[in-house]
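There are 2 protein chains.
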Amino acid sequence: MDTFPIFASLNLDFVFHPRSVAVVGASASSGEEGQVILSNIIAGQFGGKVFPVNPREDLILGLPVFRRMHDIHQTVDLAVITTPVETVLPVLQECGKKGVKAVLVMTSGFGEESEAGRDLESRMVSLCHEMDMVLIGPNTAGILCSHSGLLATRVPIWPLNGEVAIVSQSGDLGNQLLHWATQQGLGVSVFVGSGDEAMVTVPDYMEYLECDKNTRIIVLYLERVRDVRRFFDISKRINRTKPIILLKGGRSEARLAVSTSRRGATRDELKLFSAACRQAGLLEVSLSSHLLDLAAGFCSLPLPKGDRVGIVTLGGGWGVLTADMCNEMGLTVPDLPEEIIQTIGHYLPPFWSRRNPIDLVGTQNREVPLVAVEELLKWNGIDAVISLGIVGRLELARRLIRSTIDVDNTMPLEFLEQTQAMIQQYEKSYIERLVELMEVYEKPILSVSLASSTQDGAIRYVPGARYNAVIYRTPESAVNVLTRMHHYSSFLAKSL
Amino acid sequence: MDTFPIFASLNLDFVFHPRSVAVVGASASSGEEGQVILSNIIAGQFGGKVFPVNPREDLILGLPVFRRMHDIHQTVDLAVITTPVETVLPVLQECGKKGVKAVLVMTSGFGEESEAGRDLESRMVSLCHEMDMVLIGPNTAGILCSHSGLLATRVPIWPLNGEVAIVSQSGDLGNQLLHWATQQGLGVSVFVGSGDEAMVTVPDYMEYLECDKNTRIIVLYLERVRDVRRFFDISKRINRTKPIILLKGGRSEARLAVSTSRRGATRDELKLFSAACRQAGLLEVSLSSHLLDLAAGFCSLPLPKGDRVGIVTLGGGWGVLTADMCNEMGLTVPDLPEEIIQTIGHYLPPFWSRRNPIDLVGTQNREVPLVAVEELLKWNGIDAVISLGIVGRLELARRLIRSTIDVDNTMPLEFLEQTQAMIQQYEKSYIERLVELMEVYEKPILSVSLASSTQDGAIRYVPGARYNAVIYRTPESAVNVLTRMHHYSSFLAKSL
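If you read the protein sequences in the order shown, they are chains A and B.
Per the working numbering, residue 453 is the first one in the first sequence, and the count goes up by one each step.
Per the working numbering, residue 453 is the first one in the second sequence, and the count goes up by one each step.
Rendered as structure tokens:
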């Protein structure tokens, strides 16, 4: 079935850190692929040289255009190819002669389902091997490397610089993940749409990421795995130091038709695949939104050392639901020792819950949320804290202030602005303190926003801190992430 | 256990549609409960009269203040009480003498866990019965009635006017639901935090909502149900005409302690409760975020008549994942007849998927998404359509335009603005057409945004249309909602 030779260690350095990039098929027409990709590379402030190649243009986006590859009298490390299917082979030939190290074939329509398409792909691969070029794609959504500033994708999405690598066999899901990463403030090291994987396959990217010092977490979207044994051999090894979070598409029976056309697996193989993931400690998820939820937790928080959760909540309902979910997911919500009840009781009205979840009954006291969180962290009876509704008051306060301005014209505007600034400051110092506490006690704190403003990302960075605050929109997200971090942590402990 | 008498039909008209409201404990100090609630009532543009009551003030927020209830020489339908626990009984007495019809006791701290607290509550109830007043709460998060313009809550959140009623036994979860409703553009008819439910309980609110012509969907967050039989008798009846979506908090064993203190149920009772929900066709969910996802679907879309789903997707990955989830949730993704393949094939490159999901392979053609959706709807082999990634291109286009401006100073700004306006117009007409198609074919279309802008709500209204477009953020949300709508629809069909 697998007709392509596999090379254990392809050198992908020139893919992600090229010194220069040629865009073959660069275009001046707004909206055309060759224009969009060139524009994105330039807008991404790529540090190296950029050479547009097009036989019919002189100047595109202020850059001189080369008619053919051999007109470029400087070294070209990476060629991004956007020309039509029938031109790709000759273009690859030109690239090879020019001494290009890697080619990114964004062109689609090879029709890997047809004999002719497979034949064309296999000729591309042979040619690239002959010419000693690494071939990415074809039919790839492109690549992004935050650390080299290279953004060679169709959609100009620039997430923050960070430590999460994303490899996606689907372009649209890849774009979606980048979009969510940007919304959530998740830092990305590398993105690659692996496309049809004619030469470079997912395990190759993983081996590259294993050694990439900028990457600490690996997120995969897979529809087919060609060499399952190699995938698991590599995953098992890497997962011990860099958690691998993955979503397998094409799981259900009705999808097997599609999967098969994409060289997919049978139903039993899919079951075996999931079992192998569990055995290797890989973090398989079944919902797309869980991929980045988990990535946010893993890249921001210390791992929990056990399953015991302390819950601090601004209101009763959230606490009840969160405890329900903890129990349903196999986590424990232990009773509090009398000592902690005493300490926290000093700050709360007599009718407070006196148990875990600690219900702060909507307290306006600014100290007590942190007192409660720290009391829990100090105690050796818990391994993690979920904090509900402390962050997110700002949005409610904003509404309150806006409402007050509407009805009370005697209210000095400055007072209202001050109130807002005060809450903003409180939230900032609360987050700084959370991050500090995680460093002191080496236990994760997962927050849930009572009313997140749409502008705020899930991750809040504190300069110089080892960990980040993570603020989920729902308790279900927080509980799910904590559960999976617990599984991963137990897996590591067991496999020592 | 239940020491309070239950009255079958309490008149709640004066609660939600009072002609006048007194706020007892109204305050001039910004941030105090008595100030916030008064301010919210005024800012909410309540149409009736508002009387602040406070013995130590003359003017609050521009309104003359009354020292005591009997100083008000006009009719008072509703009294909102925010004064401390120990004053509530005398205040109720005053209200009764004044002829008030309903009291909303926002005061908390009655300590229903203590003998004294329960005693106080039972004296309040007796007093209200004697004086012929309806008692809401105590310890309630307040009420909102979009249609009378009454917003008597601690947090000034005004969702759109609409048909979804929310009843929450938890104040914080209630506020959260209102916040999400606002973000999602979900229209709300009535919100009530039922608090300690000393007199008026959830079934009472439900009976009110049954007759409320503004309410079409009922969302419940429950932690305890006092009279389970009455709850199910009423729910079963109402659910046939107004779908009831509910989340039961306090499900897990570890929560029983808390639940018990709030008169909760045992573990077996909880299992029975869920079984009874299924039997009554109630839509029980286990995650808070599902409450409003479902409400959005039920209030916007026609019910599917079967389980067969057609999927249209702008990219392959989303389609694969969505089909996976449909199958896992018990829906069917049938093969397409040759006729539909032919019709859609005219618009797509030769290498398109030729099956369900219909993968539009990122087409820029503006017609084909709607052609594909309509072909599916026309066909009697499907009952619902999920459309992925058509809506949401605007956000990506915005990014593209911003990026192009950055790198190309020859680009006339007007051209870019025009492009953006064009896409905006396309999205608008696409949505209008979806809504039209639903009306013509009476089948639901659930959309998923490829890259939702954070400003856009999940629901898009088209003036004068019978249905609304619903655009979820993830395929999992769309599949989950469709599955539950299918269950509800089958339940109705079976119980005819």
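Quick reminder that beta carbons are idealized off the backbone N, C-alpha and C, glycines included.
Practice item. Go to B/Asn691, then tell me how far its alpha helix (DSSP H) extends in each direction, as first and last residue. Key: 680 to 691
Point to revise | Closer than 7 Å at the beta carbon, the chain B residues around A/Ile609 | key: Arg851
**Study point:** Per-residue burial, B/Gln636 [other beta carbons within 10 Å of its own, 16 or more giving buried]
**Key:** buried
Check your understanding: Looking only at C-alpha atoms, which of B/Phe803, B/Val607, B/Ile838 sits nearest to B/Cys778?
Key -> B/Ile838
Check your understanding: Which ranges does the beta strand (DSSP E) cover as unbroken runs of at least 3 residues, wholly within the region 625 to 687 of chain B, from first to last along the chain?
Key -> 639 to 645, 669 to 674
Exercise for review: Give the interface partners of B/Asp510 over in chain A, defined as CB-CB distance under 8 Å, in chain order.
Suggested key: The premise fails here: B/Asp510 is roughly 13 Å from chain A at the closest Cβ pair, so nothing lies under 8 Å.
Review point. Just the Cα atoms here: how many angstroms apart are A/Ile911 and A/Ile493?
Key: 27 Å
Exercise for review: Return the bridge partner residues of A/Ile697 from the DSSP annotation.
Suggested key: A/Val671, A/Leu735
Review point. Beta carbon of A/Gly841, beta carbon of A/Leu898: below 8 Å?
Key: no
Exercise for review: Just grab the DSSP bridge partners of A/Leu530 for me.
Suggested key: A/Val473, A/Ala554
Practice item. For A/Cys597, write down the residues that DSSP places opposite it in a beta bridge. Key: A/Leu602, A/Val642
Review point. Hey, A/Asp648 and A/Glu573 are a contact pair by Cβ (cut 8 Å); roughly how many whole angstroms apart?
Key: 7 Å
Practice item. Within its chain, find whatever has a CB closer than 7 Å to the CB of B/Leu544; leave out the 5 residues flanking it on each side and keep chain order. Key: Val555, Met576, Leu579, Cys580
Check your understanding: Along chain B, which residues have their Cβ under 8 Å away from the Cβ of A/Thr926?
Key -> Leu739, Ser740, Ser741
**Study point:** Residues near A/Ile512 in its chain [Cβ-Cβ closer than 8 Å; skip 5 each side]
**Key:** Ala478, Ser479, Ala480, Gln487, Leu490, Pro504, Asn506
Review point. Comparing alpha-carbon positions, which option in B/Leu587, B/Leu734, B/Met558, B/Val467 lies nearest B/Phe750?
Key: B/Leu734
Review point. Could you check where the beta strand (DSSP E) with B/Leu840 kicks off and where it finishes?
Key: 836 to 840
Practice item. Could you name the residues of the same chain whose beta carbon sits closer than 7 Å to that of A/Ser941, not counting the 5 residues immediately before and after it, in chain order? Key: Leu755, Pro756, Lys757
Review point. What three-state label does DSSP hand A/Ala568 in the structure shown?
Key: helix
Point to revise | Reduced DSSP category for A/Glu780 - H, G, I as helix; E, B as strand; rest coil | key: helix
Review point. If you check the beta carbons only, do A/Val764 and A/Val825 fall under 8 Å apart?
Key: yes
**Study point:** Opposing strand residues paired with B/Gly951 [DSSP bridges]
**Key:** A query on residue 951 of chain B cannot be resolved here, the shown segment of chain B reaching from 453 to 948 and no further.
Check your understanding: What is the DSSP secondary structure of A/Phe943, reduced to helix, strand or coil?
Key -> helix
**Study point:** the region 615 to 629 of chain B touching the region 888 to 896 of chain A, judged by at least three CB pairs closer than 8 Å
**Key:** no
Review point. Alpha helix (DSSP H) containing B/Glu615: first to last residue?
Key: Here B/Glu615 belongs to no alpha helix (DSSP H); instead the beta strand (DSSP E) covers 612 to 620.
Exercise for review: Could you tell me if B/Ser862 is buried or exposed, where buried requires 16 or more neighbouring beta carbons within 10 angstroms of its beta carbon?
Suggested key: Going by the sequence as given, residue 862 of chain B is Thr instead of Ser. Burial call: exposed.
Exercise for review: Can you grab the Cα-Cα spacing for the pair B/Val473 / B/Gly496, in whole Å?
Suggested key: 13 Å
Check your understanding: For A/Arg807, which residues of its own chain have a beta-carbon under 7 Å away from its beta-carbon, when the five flanking residues on both sides are left out?
Key -> Asp787, Leu788
Practice item. Quick one: using the 10 Å Cβ neighbour count with 16 as the cut-off for buried, is A/His798 buried or exposed? Key: exposed
Exercise for review: Inspect the CB distances between the region 868 to 883 of chain B and the region 651 to 669 of chain A and report whether three or more fall short of 8 Å.
Suggested key: no
Review point. What residues in its chain sit with their C-beta under 7 Å from that of A/Phe643, if we drop five residues either side in the sequence?
Key: Ile595, Leu596, Ile618, Gly626, Leu630
Practice item. Can you tell me which of the three DSSP states B/Pro516 falls into? Key: strand
Point to revise | Distance between B/Gly701 and A/Ile883 (C-alpha atoms, nearest Å) | key: 28 Å
**Study point:** Inter-residue CB distance, B/Gly762 and B/Asp811 (contact presumed, cutoff 8 Å)
**Key:** Their Cβ separation, rounded to whole angstroms, is 13 Å, which puts B/Gly762 and B/Asp811 out of contact at 8 Å.
Point to revise | Rounded separation between B/Gly623 and A/Glu879 - CA only | key: 22 Å
Review point. Going along the region 478 to 506 of chain B in order, which residues come within less than 7 Å of chain A, judged by CB to CB distance?
Key: Ser482, Val488, Ser491, Asn492, Ile494, Ala495
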